[in-house]
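Written below as structure tokens is the structure these notes are about.
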Amino acid sequence: MDYDSIHGKDISSFDLRNTHRLPTVAASQALEEFENDPLPTGLDRLDRALASGDHGGFKRGQVSEIWGPPGAGKTALAIQTAARAICDGHDVAWVGRLGAVGSLLRTYYNMLEAKLLPPLHEERITRVVEAVERSRLQDESARARGKFALLSCLTLPHLMALISRPTPRLIGSRVSLIVISSPSALIDSALPKSHDPMAGSKPAGRGLSASAKRSQGLQFVIGALEKLAATRKCAVVMLSQCATRMQSEQGATLVTAVNNLVWDQGVTTRLVLFRDWSWHGGKLSSVFMAGLQKLDGQATTDAVDPVFTFGIEAGGAVEHDVDVTSGLADRPIEAAASRKRKLGQAELEVPDSDDDEDDDDDDDDGAYGWAAEDEAALPAPPPQWQGSEDILLGPSGSSDGESPR
Numbered sequence: 158m159d160y161d162s163i164h165g166k167d168i169s170s171f172d173l174r175n176t177h178r179l180p181t182v183a184a185s186q187a188l189e190e191f192e193n194d195p196l197p198t199g200l201d202r203l204d205r206a207l208a209s210g211d212h213g214g215f216k217r218g219q220v221s222e223i224w225g226p227p228g229a230g231k232t233a234l235a236i237q238t239a240a241r242a243i244c245d246g247h248d249v250a251w252v253g254r255l256g257a258v259g260s261l262l263r264t265y266y267n268m269l270e271a272k273l274l275p276p277l278h279e280e281r282i283t284r285v286v287e288a289v290e291r292s293r294l295q296d297e298s299a300r301a302r303g304k305f306a307l308l309s310c311l312t313l314p315h316l317m318a319l320i321s322r323p324t325p326r327l328i329g330s331r332v333s334l335i336v337i338s339s340p341s342a343l344i345d346s347a348l349p350k351s352h353d354p355m356a357g358s359k360p361a362g363r364g365l366s367a368s369a370k371r372s373q374g375l376q377f378v379i380g381a382l383e384k385l386a387a388t389r390k391c392a393v394v395m396l397s398q399c400a401t402r403m404q405s406e407q408g409a410t411l412v413t414a415v416n417n418l419v420w421d422q423g424v425t426t427r428l429v430l431f432r433d434w435s436w437h438g439g440k441l442s443s444v445f446m447a448g449l450q451k452l453d454g455q456a457t458t459d460a461v462d463p464v465f466t467f468g469i470e471a472g473g474a475v476e477h478d479v480d481v482t483s484g485l486a487d488r489p490i491e492a493a494a495s496r497k498r499k500l501g502q503a504e505l506e507v508p509d510s511d512d513d514e515d516d517d518d519d520d521d522d523g524a525y526g527w528a529a530e531d532e533a534a535l536p537a538p539p540p541q542w543q544g545s546e547d548i549l550l551g552p553s554g555s556s557d558g559e560s561p562r
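So for the sequence shown, our numbering puts the first residue at 158; every next one is plus one.
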């Protein structure tokens with residue numbers, strides 16, 4: 158007589174021979190197998206600065222910000238990053254507005270969206286993806302293209318709902334890159350900056366002030382983005398506009414459109430894009446520049462250091478090897494020597510204004526070392542195709558509770 162015949166079959170115990178257990182995996186092995194490669198931008202030097210190792214680029218699980226004036230190449234750099242991610246088999250979600258080609262925006266929300274978010278044309282992304290695929294080596298194993306999803310957020314509540322409770326249909330599990338185009342436009346539209354100096358002294362019985370509501374909204378948005386990047390193990394890249402801030406001692410400076418302490422703490426990596434002129438081969442050419450201001454939550458030693466140069470072509474962003482530190486010092490010596498003032502022209506006595514009244518206009522340019530051919534040599538400024546940032550700060554150009562860096 159055995160145990161089962163007396164007490165019955167023990168159904169609470171588990172038979173190890175019939176139990177399908179998962180094999181044990183070491184933590185180090187699981188970490189190595191976990192896909193945590195950064196997302197490259199296609200600019201090798203910039204990728205190495207963003208993340209050290211064999212594969213550089215924007216790190217996953219972090220919120221990065223690319224800001225700069227209109228026409229500085231923010232969208233082009235983001236498209237280049239998205240194209241390389243798609244070619245590597247990763248899905249990309251872009252929060253922005255599709256370029257209206259052949260369609261009219263007639264409703265109020267569509268017109269509002271057209272003013273706030275810059276358009277994104279599918280042909281442009283497809284052209285960059287095809288260029289990236291052609292640039293890959295022939296012996297490299299071909300991978301299936303990832304999916305590209307364009308999500309349209311009309312207002313700030315739409316954006317807050319999307320990033321706080323993302324559905325699998327909108328942001329799937331295979332999404333590795335989320336690009337948010339111009340979140341500052343939606344924030345400033347729904348939560349404008351207060352220009353009233355007495356806004357902070359508002360009685361408590363009348364609710365929160367405008368600056369307090371704006372701070373709470375910024376805290377919610379940046380907190381939701383951090384949570385989204387950490388839980389989905391994806392890289393969140395924001396394309397922010399810029400604004401002009403007037404300072405008494407330093408004059409006018411460009412700052413990010415959302416310049417708040419809470420927002421700054423949530424941004425792990427920050428890049429600033431701008432354009433400058435450089436002498437290359439004896440000719441003045443325009444180059445795009447990307448400066449690293451913040452990396453892994455730590456600000457760089459200098460304001461913008463290091464600086465990387467690139468150009469924008471039909472196939473996307475292309476890295477350029479241009480010495481931007483020399484600047485105008487690379488101009489030919491003959492041109493500079495022709496405008497050099499002679500020692501005899503630097504007289505100490507003040508000339509009679511009656512005698513030289515007719516020659517003032519002719520001597521002003523020469524006295525200050527400025528020649529007429531300098532104006533002809535200067536190229537035209539870049540086009541402002543993304544709109545103006547003057548609407549972000551308003552006429553007074555100041556904000557409550559925000560301090561410049």
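For each residue, glycine too, the CB sits at the ideal point set by N, CA and C.
Classification of residue i by the beta-carbon crowding that lies within 10 angstroms, buried from 16 upward
{"i": "residue 193", "result": "exposed"}
{"i": "residue 403", "result": "exposed"}
{"i": "residue 236", "result": "buried"}
{"i": "residue 163", "result": "exposed"}
{"i": "residue 239", "result": "buried"}
{"i": "residue 389", "result": "buried"}
{"i": "residue 247", "result": "buried"}
{"i": "residue 605", "result": "A query on residue 605 cannot be resolved here, the shown segment of the chain reaching from 158 to 562 and no further."}
{"i": "residue 283", "result": "exposed"}
{"i": "residue 204", "result": "buried"}
{"i": "residue 208", "result": "buried"}
{"i": "residue 303", "result": "buried"}
{"i": "residue 450", "result": "buried"}
{"i": "residue 383", "result": "buried"}
{"i": "residue 478", "result": "exposed"}
{"i": "residue 440", "result": "exposed"}
{"i": "residue 372", "result": "buried"}
{"i": "residue 229", "result": "buried"}
{"i": "residue 459", "result": "exposed"}
{"i": "residue 466", "result": "buried"}
{"i": "residue 408", "result": "exposed"}
Terminal residues of the beta strand (DSSP E) in which residue i lies
{"i": "residue 459", "result": "Per DSSP, residue 459 belongs to no beta strand (DSSP E) and is neither H nor E."}
{"i": "residue 223", "result": "220-224"}
{"i": "residue 409", "result": "408-413"}
{"i": "residue 102", "result": "Lying outside 158 to 562, the shown extent of the chain, residue 102 is not represented and no answer is given."}
{"i": "residue 337", "result": "332-338"}
N-terminal and C-terminal residue of the alpha helix (DSSP H) that residue i is part of
{"i": "residue 244", "result": "231-244"}
{"i": "residue 206", "result": "201-207"}
{"i": "residue 321", "result": "313-321"}
Residue i - DSSP class collapsed to helix/strand/coil
{"i": "residue 426", "result": "strand"}
{"i": "residue 418", "result": "helix"}
{"i": "residue 374", "result": "helix"}
{"i": "residue 493", "result": "Its pLDDT being 41, under 50, residue 493 is placed unreliably by the model, and nothing is read from it."}
{"i": "residue 473", "result": "strand"}
{"i": "residue 183", "result": "coil"}
{"i": "residue 288", "result": "helix"}
{"i": "residue 345", "result": "helix"}
{"i": "residue 127", "result": "Lying before the first or after the last residue shown, residue 127 is absent from the chain, which here runs from 158 to 562."}
{"i": "residue 309", "result": "coil"}
{"i": "residue 389", "result": "helix"}
{"i": "residue 400", "result": "strand"}
{"i": "residue 448", "result": "strand"}
{"i": "residue 443", "result": "strand"}
{"i": "residue 380", "result": "helix"}
{"i": "residue 301", "result": "coil"}
{"i": "residue 432", "result": "strand"}
{"i": "residue 466", "result": "strand"}
{"i": "residue 326", "result": "coil"}
{"i": "residue 198", "result": "coil"}
{"i": "residue 162", "result": "helix"}
CB contact flag (residue i, residue j, <8 Å)
{"i": "residue 430", "j": "residue 225", "result": "yes"}
{"i": "residue 243", "j": "residue 286", "result": "yes"}
{"i": "residue 419", "j": "residue 399", "result": "no"}
{"i": "residue 475", "j": "residue 446", "result": "no"}
{"i": "residue 305", "j": "residue 249", "result": "yes"}
{"i": "residue 222", "j": "residue 397", "result": "yes"}
{"i": "residue 320", "j": "residue 381", "result": "yes"}
{"i": "residue 220", "j": "residue 342", "result": "no"}
{"i": "residue 448", "j": "residue 199", "result": "no"}
{"i": "residue 252", "j": "residue 317", "result": "no"}
{"i": "residue 313", "j": "residue 327", "result": "no"}
{"i": "residue 391", "j": "residue 461", "result": "no"}
{"i": "residue 443", "j": "residue 434", "result": "yes"}
{"i": "residue 425", "j": "residue 453", "result": "yes"}
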